[in-house]
Amino acid sequence: MRRQRLTTQERSDLRALGVTVKVLARATTATGPVIALPGHLVWQTGQGWDQVAWHDIVRGSWQPASNRLGWWDGTGHAHGLDLVEPGSLPWVFREQIDSTILV
Numbered sequence: 003m004r005r006q007r008l009t010t011q012e013r014s015d016l017r018a019l020g021v022t023v024k025v026l027a028r029a030t031t032a033t034g035p036v037i038a039l040p041g042h043l044v045w046q047t048g049q050g051w052d053q054v055a056w057h058d059i060v061r062g063s064w065q066p067a068s069n070r071l072g073w074w075d076g077t078g079h080a081h082g083l084d085l086v087e088p089g090s091l092p093w094v095f096r097e098q099i100d101s102t103i104l105v
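Quick note: the sequence shown uses this note's numbering, first residue 3, plus one each step.
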């Protein structure tokens with residue numbers, strides 16, 4: 003099992019975003035890490051970090067053949083990430099979305 007720990011820089015960057023910094027799962031894209039936190043999914047972009055709160059996702063999908071993680075927000079906009087190393091993130095992603103929708 004891969005370590006779920008954050009680097010010192012990742013921890014600092016995420017604290018600056020104002021999110022709870024407790025790693026549930028992590029994966030990798032071509033531009034950097036994707037990290038599932040208790041309240042958010044955060045990922046590194048070429049310009050910094052982006053995030054989405056779990057409660058803002060109305061539907062999600064995982065395409066194992068292409069390693070594509072996708073979701074739709076409340077406005078109907080589609081978003082997605084191509085994971086290089088998915089790890090356990092797809093399962094945590096599904097669990098977080100399901101629990102948010104059920105609540």
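All residues carry an ideal CB built from backbone N, CA and C; glycine is no exception. The model shown is predicted, which means the values in this text are computed figures rather than measured ones.
Practice problem: Could you tell me the distance, in whole angstroms, from the CA atom of S101 to the CA atom of D75? | Solution: In the sequence shown, the residue the question calls residue 101 occupies position 99. In the sequence shown, the residue the question calls residue 75 occupies position 73. Spanning the two alpha carbons is a distance of roughly 16 Å.
Quiz item: Just curious, the alpha helix (DSSP H) that L16 is in, first and last residue?
Solution: Here residue 16 is taken as the residue at index 14 of the sequence shown, counted from 1. Its alpha helix (DSSP H) spans residues T10 to L19.
Exercise. Mark Q98 as exposed unless 16 or more other C-beta atoms lie within 10 angstroms of its C-beta, in which case mark it buried.
Key: One-based indexing of the sequence shown puts residue 98 at position 96. Only buried fits Q98, as 16 or more other CB atoms lie within 10 angstroms of its CB.
Quiz prompt | Neighbour-count burial assignment, G20, 16 or more Cβ in a 10 Å radius | solution = Counting from one through the sequence shown, the residue named residue 20 turns up at place 18. Exposed.
Quiz item: In whole angstroms, what is the alpha-carbon distance linking T33 and T22?
Solution: Start at 1 with the first residue of the sequence shown, and residue 33 comes out as number 31. Start at 1 with the first residue of the sequence shown, and residue 22 comes out as number 20. Taking the straight line joining both Cα atoms gives about 22 Å.
Self-check item: Nearest-angstrom beta carbon gap, V94 and L26 [assumed within contact, 8 Å]
Solution: Here the question's residue 26 lines up with position 24 in the sequence shown. Here the question's residue 94 lines up with position 92 in the sequence shown. In this structure L26 touches V94 by the C-beta definition: roughly 5 Å separates them, less than 8 Å.
Quiz item: The beta strand (DSSP E) spanning V25 covers which residue range?
Solution: By 1-based counting over the sequence shown, the position of residue 25 is 23. Boundaries cannot be given for V25, as no beta strand (DSSP E) includes it and DSSP labels it neither H nor E.
Self-check item: For S63 and G48, the rounded distance between their alpha carbons
Solution: On the sequence shown, residue 48 is found 46 positions in, with the first residue counted as 1. On the sequence shown, residue 63 is found 61 positions in, with the first residue counted as 1. When rounded, the separation of the alpha-carbon atoms in G48 and S63 is 24 Å.
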